[in-house]
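Colleague: To convert, take the position in the sequence shown, counting from 1, and add 704; that gives our numbering. Glycine included, every Cβ here is placed at the ideal spot set by N, Cα and C.
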Amino acid sequence: MNSRLFIFTFIISLSGILSVQAEAKRPNVIFMLADDLGYGDLSSYNPQSNGVAPNNTPIRTPNLDRMAKNGARLTDFHSAAPICSPSRRALLTARYPNRLGEWAEAYRGSPDGVVASKDPTIGMWLKQAGYSTAVYGKWNVGEVKGLSCPGAHGFDDWLIIDHNTGYFQHQNKNKECQGRPMLFKTGGNRVTNLEGQYLTDIWTDKAIGFIKDNQNDPFFLYLPWSIPHAPLQDPDADSSTAFDVGAKSNTPEGREVFVKMVEHLDSRIGEIFEVLKKEGQLESTLIIFTSDNGGMLSGNCWPLKKSKQHLEEGGIRVPCFMQWSKVIPPGIVSEQSSIMMDASITVLEAAGARKFVPEDRKLDGIDLMPVLTGKAKIDSSRSFGWRRRDWGATGNYLRQEAFRSGDWKLLRTYKYLRSKKWSAEHKDELFNLSKDLGETESLSEKMPKKHEDMKKAFDEWKREVVELEPDYLIPLRDQLGSPANLPDDVVLEFTSRIFEGKIHKGKSGDLVSNPVNVNGVCKVLVKAGAIPPLLHAIMDVDTKKYSKMRFEMKISKGTQVGAGRAVLRHTNWKGDDILFNPVADGQWHEYVIDCTESTAWSQWSSLGRIGIALPVTCKG
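In structure tokens:
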């Protein structure tokens, strides 16, 4: 063999070896997400957990403590929202939940949830990168069956609950769930043979089996726990008497059970670490642990103000650990300001999956690994935004906005009216978190220039991030801040072919004429300047007689109508929303809503209530 041929062959062989080595460097990924675990619930974040103060009972978490020592502990890490669903949507999409639409800012939002064809997720991109994928835990980003199920998002195997249930019976007190466990497996089939087993144990056992079964290809294991979210149920309790019943939050008993739940989670996490070590996969696995939002009333958010639901730091600043042996030095304590999507981006980069993200797909986060490994300096100038905009679906009437830029934070709280509507009136507070982490002193009046600068920066963030749908809870305004022009009249004519019962006045109050019912035709006139611009007609229906709602509707020209909602409620005002797409062209159109899509329909009393809600954007 001549020397040139030898060199060429050697180079080819070497490149192949290097390629294999590079491929081998891709880590397994385990993303653990606790539910409602507060910043001060772990001793590594709360040195004051000495048992003296209320809710300050020491919680023994040796495995998470070990994770902090063997990897990185982030002290300025935030969830993307102060409630479950939006935060989980952000984790999976690596985007602010606000980019998905205003519905995504609420607890449950659209029944369709995160639709894979519209909003791809890290599960899909990691699958494209050759990863075996699984999710075991609380999904809570859309319906189990359909376009937002885990299978549509790249997960090979899954065992999930859609939303919160009891830990033993996998049900809750809602009528539609009683007698129907809300635990679903791959393919969407309901699981009934695991009742009586604690959810955390079920998911941990599945996770251990998945790790053992995936020795060759890299894997992505997503573990969105439901613990320690209510109901507060002792893992050692009698499962036969534990039907969605638990200790009350913010009581001594509630605190005791809360501590047991967190310690149980830590114990099962320790078993996962032991299996990884035994299987020789610990050093090659990137493990991330954090919480979906701030702590609950039985928890501890020390030294932060407020808790879950709120945009004070106690509602959004959460613990976060990252461990990847031989890559992240042990004992790192990072003050890098960061947010949930950063963890998602870090996973994509480490797995070599970022290349599968379309170039025009805007992601909201940075790769934290350069900072954690000391290859990059801390960026102290980053900006983040949050909106807490619940429409009362969960009974939590709270509306806030917050903006963070460097050490400065602007907190905006809206006034809640007794009519269960929101006013444009709000209170602004300005805090310097480097000096006042507990948000005890607002500097808005002392530093008006800084306050104005933060408001302008926040407006810029909202223009770039928030894809505003028609907002019928605060006055509609144009881009310049002036009241938006509405047409002289907007007319909604509504008729149902199976209409029986009453037509009720819409939610727009005195800005909407009284509905007129003539031979089954409802005509509602929305007056000029109506705030909120919501066309709304409600009727009572015999739910035992009818399973489908067939109706015709005409909306006057001069408007642009977004997705409408058929709000399916029974008499105690609990139920489901079903989306449909109305047309505003001044012509009659027929719509059919299959009420059987609502899990609550068959559980209703004979009299149910259906509302047709249409947020309207005017052309101006």
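Whole-angstrom Cβ separation of I1070 and I1049, contact assumed at under 8 Å?
Modeller: About 6 Å separates the two Cβ atoms, so the contact holds.
Colleague: Suppose the cutoff is 7 Å on Cβ atoms and the five residues either side in sequence are ignored; what does the same chain contact list for K826 look like?
Modeller: Position check: residue 826 holds Ile in this sequence, whereas Lys was assumed. Cβ neighbours of I826 beyond the five flanking positions: L796, A798, S1048, V1051 and L1052.
Colleague: Is the separation between the beta-carbon of M828 and that of Q1027 shorter than 8 Å?
Modeller: It is not a contact, given that the beta carbons lie outside the stated cut-off.
Colleague: Is L969 near A738, with beta carbons less than 8 Å apart?
Modeller: Taking 8 Å as the Cβ cut-off, L969 and A738 qualify as a contacting pair.
Colleague: Tell me K1113's beta-bridge partners as DSSP assigns them.
Modeller: Its beta-bridge partners are R1108 and F1135.
Colleague: Output yes or no for whether 8 Å exceeds the beta carbon distance between L980 and I1032.
Modeller: Cβ distance not < 8 Å, so L980 and I1032 don't count as in contact.
Colleague: Note down, in chain order, each residue of its chain lying with its Cβ closer than 6 Å to the Cβ of I992, except the 5 sequence neighbours on either side.
Modeller: The residues are F735, M1026 and A1047.
Colleague: Give the DSSP bridge partners of G858, in chain order.
Modeller: The partner list for G858 (beta bridge, DSSP) is empty, contrary to what the question assumes.
Colleague: Given this structure, state the Cα-to-Cα distance separating T904 from H1130, to the nearest angstrom.
Modeller: Whole-angstrom Cα-Cα distance: 41 Å.
Colleague: Going by the DSSP bridge assignment, what does W843 pair with across the sheet?
Modeller: DSSP output for W843 lists no bridge partner at all.
Colleague: Hey, is the stretch 860–872 in contact with the stretch 888–904, meaning 3+ C-beta pairs nearer than 8 Å?
Modeller: Flag = yes, the stretch 860–872 and the stretch 888–904 touch.
Colleague: Quick one: Cα of E1173 to Cα of T1117, how far?
Modeller: Low confidence applies to E1173: its pLDDT is 36, below 50, so where it sits in the model is not reliable enough to give any reading.
Colleague: Please report the distance separating the alpha-carbon of W843 from that of P854.
Modeller: Looking at the two C-alpha atoms, the distance is approximately 8 Å.
Colleague: Note down, in chain order, each residue of its chain lying with its Cβ closer than 7 Å to the Cβ of L1001, except the 5 sequence neighbours on either side.
Modeller: These residues qualify, in order along the chain: S953, N954 and S1011.
Colleague: Taking all protein chains shown into account, decide if I763 is buried (16 or more other Cβ within 10 angstroms of its Cβ) or exposed.
Modeller: Flag for I763 reads buried.
Colleague: If you scan the stretch 1015–1082 from start to end, which runs of the alpha helix (DSSP H) of 4 or more residues do you find wholly inside it?
Modeller: As far as the stretch 1015–1082 is concerned, its whole alpha helix (DSSP H) runs of at least 4 residues are 1017–1020, 1044–1054 and 1073–1076.
Colleague: Between which two residues does the beta strand (DSSP E) harbouring S995 extend?
Modeller: Note, S995: beta strand (DSSP E), T989 to S995.
Colleague: Helix, strand or coil for V1220 per DSSP?
Modeller: Confidence at V1220 is low in this model, with a pLDDT of 47, below 50, so the placement of that residue should be treated as unreliable; the coordinate-derived value is given next. In the structure shown, V1220 sits in a strand (DSSP, three-state: E or B).
Colleague: Looking at F962: is its Cβ nearer than 8 Å to the Cβ of G1018?
Modeller: The answer is no: Cβ separation not under 8 Å.
Colleague: Can you tell me whether DSSP reads I865 as helix, strand or coil?
Modeller: Of the three classes helix, strand and coil, the one that applies to I865 here is strand, per DSSP.
Colleague: Y743 and C1005: beta carbons closer than 8 Å?
Modeller: Yes, these two residues count as a Cβ contact at 8 Å.
Colleague: Quick check: the Cα distance between P1074 and W907, rounded to an integer number of angstroms?
Modeller: If I take the Cα positions, the gap works out to 32 Å.
Colleague: Alpha carbon to alpha carbon, how far is G892 from G913? Give it in angstroms, no decimals.
Modeller: If you take the alpha carbons of G913 and G892, they lie about 20 Å apart.
Colleague: Grab the span of the beta strand (DSSP E) containing F923 for me, first residue to last.
Modeller: Counting along the chain, the beta strand (DSSP E) containing F923 begins and ends at F923 to P928.
Colleague: When the distance is taken between beta carbons, is V733 closer than 8 Å to A934?
Modeller: Their beta carbons are not under 8 Å apart, which means A934 does not touch V733 by this criterion.
Colleague: Can you tell me whether T837 is buried or exposed, with buried defined as 16 or more other CB within 10 angstroms of its CB?
Modeller: Buried, since its Cβ has 16 or more Cβ neighbours within 10 Å.
Colleague: Rounding to the nearest angstrom, what Cα-Cα distance links G999 and G984 in this structure?
Modeller: Taking the straight line from one Cα to the other gives about 35 Å.
Colleague: Looking at the secondary structure, which residues open and close the beta strand (DSSP E) in which N732 lies?
Modeller: N732 -> beta strand (DSSP E) spans N732 to A738.
Colleague: By the DSSP assignment, the alpha helix (DSSP H) with L796 in it spans what residues?
Modeller: That run of the alpha helix (DSSP H) goes C788 to T797.
Colleague: Rounded to the nearest angstrom, how far is the Cβ of A784 from that of M1158, given a contact under 8 Å?
Modeller: Contact flag wrong, Cβ pair sits at about 20 Å.
Colleague: Measure the C-alpha to C-alpha separation of V1169 and S1085 and round it to an integer number of angstroms.
Modeller: One C-alpha to the other measures close to 18 Å.
Colleague: Give the DSSP bridge partners of H1155, in chain order.
Modeller: In the DSSP output, where bridge partners are listed per residue, H1155 has none listed.
Colleague: Let me know if D866 comes out buried or exposed under the rule of 16 or more other beta-carbons within 10 Å of its beta-carbon.
Modeller: With 16 or more Cβ atoms within 10 Å of its Cβ, D866 is classed as buried.
Colleague: Within 10 Å of its beta-carbon, does A1288 have 16 or more other beta-carbons around it, so buried, or fewer, so exposed?
Modeller: So A1288 counts as buried.
Colleague: Check the C-beta distance from R792 over to S748 and give it rounded, since I have them as a contact under 8 Å.
Modeller: Actually they are not in contact, since the Cβ atoms of R792 and S748 sit about 24 Å apart, beyond 8 Å.
Colleague: With 16 as the cutoff for other CB atoms within 10 Å, does E1145 come out buried or exposed?
Modeller: E1145 should be labelled exposed.
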